[in-house]
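Chains as they are written, first to last, in my numbering: chain G, 1420 to 1558; chain F, 1229 to 1635.
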Amino acid sequence: MIKNRVVCFFSASQSEQPIIFRLVKDYDLVINILKADINPQKEGYLVVELMGSKEQIEQGVNYLKDLGVRVEPLSQTVVWHEDICIQCGACASFCPTGALDITDREKMEVSFDNSRCVVCGMCLDCCPTRAVKLHFEVA
Amino acid sequence: MGVNKTYEEINDKIRRGKAVVVTAEEMIGIVEEKGCARAAEEVDVVTTGTFGPMCSSGAFLNFGHPSPRIKMKKVWLNGVEAYTGIAAVDAYIGAAQLPENDPENKVYPGKFVYGGGHVIQDLVARKPVRLEAIAYGTDCYPRKKIETVITLDEINDAFLFNPRNAYQNYNCAVNLGNRTIYTYMGILKPNLGNAGYSSAGQLSPLLNDPHYRTIGIGTRIFLGGGIGYVAWHGTQHHPNVPRGENGVPLGGAGTLAVIGDLKQMSPEWLVGASFIGYGASMYVGIGIPIPILDEEMARYTAVKDEEIFCPVVDYSEGYPYGKSIDLGYVNYRDLKSGKVTIRGKEIPTTPMSSYPRARRIAEILKEWIKSGRFELTQPVAPLPSADADIVLHSLPERNVNGYNGLK
C-alpha cells in the first residue's frame, strides 16, 4: 500500500462526473479528500490522498487523465505566521521532527525550520492562536 | 535595622528619574550576587509579567442609544452573545462565550475558532464589529430590534473587567488514560504522553509577592497593553494552601480581579484563543510592579523557577471526577527545559502561557516606570491572605423538592 497526494483540475463538464465513486469502486482505492472546490457548471479542483497498491493508483490516475482531468502531484506546506504566533511553545512539544522548536530554553522562543517539516499537521490542532496554517501547492 | 522604604519615597525617585527598576528575572542575579540586604537598598521596583490564557475575562460595554431607544434583552457581537441583563445598552462580553451556531464538540474535537476573546481582540484592533440586539419594547424604550456596526472608539465606554486572572501557580496536567484528551491545558496524549503547564514561573506577579504584601486592591498594573488596576481578589482566591519554605504556594492559590480601560489596550496583549476540544478563551497580558520596601521583598522577588513547584494532576480521571491521584510535584525549571520525569517516565512538556511575552511585559513595565509615566500605588486594602482561612467550596447537589426560590 502506498499513499499519493494529487490535485485534480476539472473543467465545467467534468465536474458532473462521479469520479470518486469510480476510483473507489473500479480501482479499489482508499480516498481521502483534503480540500475541494467543485461547483456545478464551473471549473473546480480536488485535493485527494489516494491509498492503494502502486498499480491501482496508476490505473486510477490514468482513468482520470483519460477523462481529461488534469492531475498534478501535490505538495503541502505548513506556513508559520510569526506575527500571529504568541510564542507559547505548545507546538514544539508535539512537532515530531523538531521543525517547530524552542532551540534556546533560556529565551523560550519558537522558531520554524521548514526543511524539517513533514506536514503531519499536529501543530494546526494545538496552536491556540492558529498561527500555523496549511497551504496546498502543486509541486 | 535593614532598609525600609515607603511608596512615597519610591515614587519620588520615579518622578526624579532616579528609581532603580529591574525585572523579576534580573532580580535573581542581583540577589545572588549582592545578597538580599544590598539588593533591597539598591533596587526600588521589580517588574513582573504574565501572558496566559485567562478564561475568566471580559469587558463591560456601553453602546450608546439608537433613536428610538432600546432596552436590549439580548445582544450579539459578531454573532457572540454578550450578557445584557443590566441597564438598557450596557452589556458584558465574556472571553469564553461562543457564537450561537458554533458546532462546539458535536464533531469532536471541536475547533472553537471564534469566541468572546476574539471579539474583544477585534474591538481593540479597531475592527468594525457587527451588533445585533433584540428587545421586548417598553414605553420609554420602544425599539425592538437593531442591527448595526460598532467600533471601539465610537461606543461610550469599554472597560475590561476580569474576575479571575494571574493565577498564583497552577497544575501541571497529564493524562493517565489510554486516549488523547483535549483540555484547557492543551492536548494531552495518553499514557503520560506529555505534560501541560501554564505559568510564567519566576516572572509571574503573585509568585513574586507570595503573601500579597504589596499587591492589593488599587494596585496599578499593566493590563492588556494599557494601564489597569487590581479591583478585588479574584474568584476562587484561595491563599490558605500548602506552601514551601519560601512562602510560595505548591499549587493554584491567589487570584486577581483586574479592571482597566479597554480603549487603551492593544490586540498584541489581548489575544483571542481557540483550544481544540475545549473552547474559546483569551490570552491576557498582565504586569505588576513590586516595590522593594525591605529585605523581605527583595528575597521574595528573587524567587527562581527551580524553587517554584506545582502539583502533577491527571486530567483523564483525577481532575474531572475529583479523584485524588498522587503524582508528586515538578518545578518550573524542569518544565521549561522541555522534559520532566513523572512516575519514572521522561515526557515532553507543553507550555500554555508564553514566557517570551511575559518577559516583554516585564520589560515594558520597567521602561514605563523608568521614564516616569507609571507610578506605584499603595493598596487601599490588602487581599485576603492565608490567615483569612478562606475555604474553597464545591457545589453540592441537593434534592430540590419543588423549591423554586419563590414564596
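By construction, the Cβ of each residue, glycine as well, lies at the ideal position given by its N, Cα and C atoms.
As for any beta strand (DSSP E) of minimum length 3 sitting wholly inside the region 1446-1510 of chain F, the runs are 1448-1451, 1454-1461, 1484-1489, 1498-1503, ordered along the chain.
Take Y1446/G, set aside five residues on each side of it, and the residues of its chain with a beta-carbon closer than 6 angstroms to its own are Q1475, Q1478, G1479, in chain order. Shown here, E1574/F sits in a strand according to DSSP, grouped into three states. Look at the beta carbons and you see the region 1266-1285 of chain F not touching the region 1300-1310 of chain F: under three pairs across the two are nearer than 8 angstroms. For I1597/F, the uninterrupted alpha helix (DSSP H) segment begins and ends at 1583-1598.
When only Cα atoms are considered, I1298/F and R1354/F end up about 25 angstroms apart.
In the displayed model, N1390/F falls within a strand according to three-state DSSP. Under a 10 Å Cβ-count criterion, D1520/G is classified as buried, with 16 or more other Cβ atoms of the shown protein chains found around its own Cβ. In this structure N1481/G is exposed. Its beta-carbon is surrounded by fewer than 16 other beta-carbon atoms within 10 angstroms.
For S1494/F, the closest Cβ of chain G is not nearer than 7 angstroms. For the region 1492-1526 of chain G, residues whose beta-carbon sits nearer than 8 angstroms to a beta-carbon of chain F comprise I1505, Q1506, C1507, G1508, A1509, A1511, S1512, F1513, I1521, R1524, K1526. A direct Cα-Cα distance of roughly 55 angstroms separates A1363/F from I1570/F. The three-state secondary structure of P1548/F, taken from DSSP, is coil. Residue state for L1519/G is assigned as strand, using DSSP reduced to three classes. M1255/F sits in a helix when the DSSP states are folded into three classes. The C-beta of C1539/G has fewer than 16 other C-beta atoms within 10 Å across all chains shown, which makes the residue exposed. At a C-beta separation below 8 angstroms, R1549/G has these neighbours in chain F: V1341, S1502. Here the alpha carbon of D1554/F sits roughly 27 angstroms from the alpha carbon of L1431/F. G1546/F sits buried, since 16 or more C-beta atoms from the chains shown fall within 10 Å of its C-beta.
The DSSP-derived three-state label of E1523/F is helix. The C-beta of C1536/G comes no closer than 7 angstroms to any C-beta of chain F. In the structure shown, the three-state DSSP call for H1621/F is coil.
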